[in-house]
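Peer 1: Residue numbers (the working numbering), protein chains in the order written: chain P, 202 to 616; chain F, 202 to 616. For every residue, glycine included, the Cβ atom is placed at its ideal position computed from N, Cα and C.
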DNA sequence: ACTATTTTTTTCGAGGCTCGAATTAAAGAG
DNA sequence: CTCTTTAATTCGAGCCTCGAAAAAAATAGT
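1) Assess contact between the segment 522-533 of chain F and the segment 435-451 of chain F, defined as three or more Cβ pairs (one per stretch) separated by less than 8 Å. Is contact present?
2) For residue 377 of chain P, count neighbouring C-beta atoms within 10 Å of its own C-beta (all shown protein chains included) and say buried if the count is 16 or more, exposed if not.
3) Excluding the five sequence neighbours on either side, which residues of its own chain have a C-beta within less than 6 Å of the C-beta of residue 348 of chain F, listed in chain order?
4) By alpha-carbon positions, which one of F:359, F:429, F:375 and F:405 ends up nearest to residue 395 of chain F?
5) Give the range of the beta strand (DSSP E) segment to which residue 251 of chain F is assigned.
6) Quick check on DSSP: helix, strand or coil for residue 389 of chain P?
7) Can you give me the Cβ contacts of residue 519 of chain F inside the same chain, cut-off strictly under 6 Å, excluding the 5 residues immediately before and after it?
8) Here's the rule: buried if 16 or more other CB atoms are within 10 angstroms of the residue's CB, otherwise exposed. What is residue 144 of chain P?
9) If we count Cβ pairs, one from each stretch, closer than 8 Å, do we get three or more for the segment 398-410 of chain F versus the segment 351-366 of chain F?
10) Restricting to runs no shorter than 4 residues, where is the alpha helix (DSSP H) found entirely within the segment 473-518 of chain F?
11) Could you tell me if residue 541 of chain P is buried or exposed, where buried requires 16 or more neighbouring beta carbons within 10 angstroms of its beta carbon?
12) Return the residue from the list F:490, F:441 and F:249 that minimises the CA-CA distance to residue 463 of chain F.
13) Any idea if residue 246 of chain F is buried or exposed, counting beta-carbon neighbours within 10 angstroms, 16 or more meaning buried?
14) Would you give the residue range spanned by the beta strand (DSSP E) that residue 214 of chain F belongs to?
15) Using the beta-carbon count (16 or more within 10 Å), is residue 210 of chain F buried or exposed?
16) Taking three-plus beta-carbon pairs below 8 Å as touching, is the segment 365-379 of chain F in contact with the segment 544-559 of chain F?
17) In or out: residue 228 of chain F buried (at least 16 other Cβ within 10 Å) or exposed?
18) Using only the alpha-carbon positions, how far apart do residue 618 of chain P and residue 600 of chain F sit?
19) Identify, in the order they occur along the chain, each residue of the same chain with its Cβ nearer than 6 Å to the Cβ of residue 566 of chain F, setting aside the five sequence neighbours on each side.
20) Cβ closer than 7 Å: which chain F residues qualify as neighbours of residue 461 of chain P?
21) Select from the segment 302-322 of chain P all residues with a C-beta closer than 7 Å to any C-beta belonging to chain F, and list them in chain order.
22) Which first and last residues belong to the alpha helix (DSSP H) in which residue 234 of chain P is found?
23) Does any C-beta atom of chain P lie closer than 9 Å to the C-beta of residue 343 of chain F?
24) In chain order, which alpha helix (DSSP H) runs of at least 4 residues are fully inside the segment 538-585 of chain F?
25) In or out: residue 387 of chain P buried (at least 16 other Cβ within 10 Å) or exposed?
26) Give the C-beta separation of residue 493 of chain P and residue 296 of chain P to the nearest angstrom, bearing in mind that I take them to be a contact with Cβ-Cβ under 8 Å.
27) Is there a C-beta anywhere in chain P that falls below 9 Å from the one on residue 440 of chain F?
28) How big is the Cα-Cα spacing for residue 223 of chain P and residue 437 of chain P?
29) Does residue 489 of chain F get closer than 9 Å to chain P when you measure Cβ to Cβ?
30) List the residues of chain F whose Cβ lies closer than 8 Å to the Cβ of residue 451 of chain P, in chain order.
31) Can you give me, in chain order, the residues of the segment 208-237 of chain P that have a beta carbon less than 9 Å from any beta carbon in chain F?
32) How about residue 574 of chain P and residue 407 of chain P: are their beta carbons less than 9 Å apart?
33) Could you check if residue 440 of chain P is buried or exposed, using at least 16 other CB atoms within 10 Å of its CB as the buried criterion?
34) Looking at chain P, which residues of the segment 503-524 of chain F have a Cβ within less than 8 Å of any of its Cβ atoms?
35) Please classify residue 354 of chain F: does DSSP put it in a helix, a strand, or coil?
36) Run through the DSSP bridge pairs and tell me what residue 465 of chain P is partnered with.
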């Protein structure tokens, strides 16, 4: 509820419905009494809300799993989200790879497809065509019992707009301003969200390790590019026009190494895989970097850096300094928060950690180096997938509540 | 209303009361019909809310100023905030200066006092003593007709905690962790907010130039230190633990010049007045900088920089680069926003502008230099004052609504 | 001077919502 | 087969907003 917005009596019901759905999604299986305890709502209200949700098919009574049997009084009847009320789709768009998955409303995988696409020379129509054909396949294979498609969540490696409809720019494909949101929304008649993959990673981490990543934390993706997903006060932090906190393009060295974005001195120009490759191949830091980096070659360089103190090790140390410099500035703005390092760069954390910490905390003052909480997740793909899924499901949870009378069938195209 | 919080029917009334008070504060004088138009509430609701507000003394009918007389039907009766329902106090704490002011609920000045205090060698008790004695004086001088003191807003040059009760650290005084909020709250039995002066400046700018500074903008204070007040999506951006976006302590040069905060390479260590003085006096960048800079000496250096291309001009160019480097990184995180430059540094903008713009936009790529909207406000004090005042008044507007039945008298100590 | 017109504001009933208290439902315990 | 215990629903009171109708307070016209 925004500060200068008008409130109506039924907004109250909407908010409380959302609350019930939220705890139901968090805990999976909950009796009405449990919901009362979790939410603080009165039993009467919970009763009213759950009967409505059940009659709309959003929630079902799951009497079978009566685990808590042998107790005295009337047994609780467990409620759960009805998996068959809706289907959602996720699409991950990465370098040379498209991954599309269908999930039910409880977040269980229905079907998936991987497809290799040469994204570097794919037009926007190629990409859209590939995505649509994959989604068509999946939707066709789906058994008829499942719910209808109600949301699509895309996680792309690139910059998206704040409205989450368009991919403004991406390193993995030449075209820019690709309106994935509009196209898919038109074709499948559902709401679509297009987000940066780092934001999806952050969303996933919240669900995987809620204790560590709750209200305030940062997920930094170190792979072909460098991005960041940031949560502040429990909400994703989005830019004003574009969607992402472009950590990789904070300034590290004025007029420094050439970045893929066309500017000079970005963190990414020192810490991404292409930056490492450029440096260790003895080329000029202002040379155009490679567009695609071979994972095996990168790993070989990392191993050489581990083996001996040569230019390879120096390159990784530079990367650590660049990331540390960015973190130091970031923490000046928002105070230190837990950091998750994700992607191939997380696999070489041993090579960058020391320099990174030294730059973040300098040699004196303001907090000790051990305050910096970092955890590494070398494989980003499962996180992106789960983040997309949760984004879609949460969208449904906070969208279905709206038309209390008309039931489930009404869905807005708006994202 | 937070996402996972329970909603009750009377929350609706609270929200709508707040809405009415907000438009009333924005427009000053409004009939009930005007309020209907401004808020979108129904006439019945506006009537209910306004009669309640009037009966509680928060709003009054101002029949005298019937400017819109000669019209056909029943004349509108203008409503306005009742200035006498409350008094608020502001305290600005700056280097060697304390400024305390009393305002009424409409924001009209009642009384004020300036006092010179040697803050650099004042203990926390000295500061608290000075502030309390000034407030006591002002409250005593106040005519008995005015309302009782209901909020105090402090704007301090220093870092405050996120709860706005404590000044964690400040360059202008040796003591740290001074609990101004608790002490004043205890002594005067009112809610107290302690905030960084930059946030107050930002708040003031929103009211002075709402067209330019609305949802997203940054106010950067360049004086003895460098701070920033940032608004994103219409809300002040606060850190997680401390209150401010510490723009001045973003990293400019790793292991660079010594900053007053004890670390090395902060933007402030290149762009603040003490940094300019240190540089132009030929001292080592890692020397401890001066604690207090004479305004006349600073101005003299600026004039020498304007006159000839020597080390003075170079110092200001370095400052421009440092600020530009910070802006470039900031804009990577949040997209470019309008910037207000405030304080003594804004008076020498001619000396730093060129380098600043060049660093922000590099020599190529991503947007042109003219996109960067900067306006200068050399005198920060009126802005800090107005910001404190508005902060207090808005606090009342969104606090008084709560106890709908008990009327005006109930006030919570919580900030 | 008096009625008609116009505009503002209030009043009143309908329809939501939450909540507490009482009631009904559905088990195990004795 | 009754008693006890716990879960869930029902019902009335008290909020809230809103639309329609009524009341209030002025000007315009004859």
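Peer 2: Reading off the structure:
1) yes
2) exposed
3) 285, 286, 287 and 288
4) F:359
5) From DSSP, residue 251 of chain F is part of no beta strand (DSSP E) but of the alpha helix (DSSP H) over 244-256.
6) helix
7) 471
8) Outside the displayed range of chain P (202 to 616) lies residue 144 of chain P, so it cannot be described from this structure.
9) yes
10) 474-481 and 496-508
11) buried
12) F:490
13) buried
14) Per DSSP, residue 214 of chain F belongs to no beta strand (DSSP E); it is in the alpha helix (DSSP H), 210-228.
15) exposed
16) no
17) exposed
18) Because chain P here runs from 202 to 616, residue 618 of chain P falls outside it and cannot be looked at.
19) Because the pLDDT of residue 566 of chain F is 45, which lies under 50, any placement of that residue in the model is unreliable, and the number read from its coordinates should be weighed accordingly. Excluding residues within five positions, none has a Cβ falling inside 6 Å.
20) In chain order: nothing, as chain F lies at least about 10 Å away.
21) none
22) 233-240
23) no
24) 550-562
25) exposed
26) 7 Å
27) yes
28) 17 Å
29) no
30) 529, 530, 533 and 534
31) 208, 209, 210, 212, 213, 214, 215, 216, 217, 219, 220, 223 and 224
32) no
33) buried
34) 522
35) strand
36) P:459
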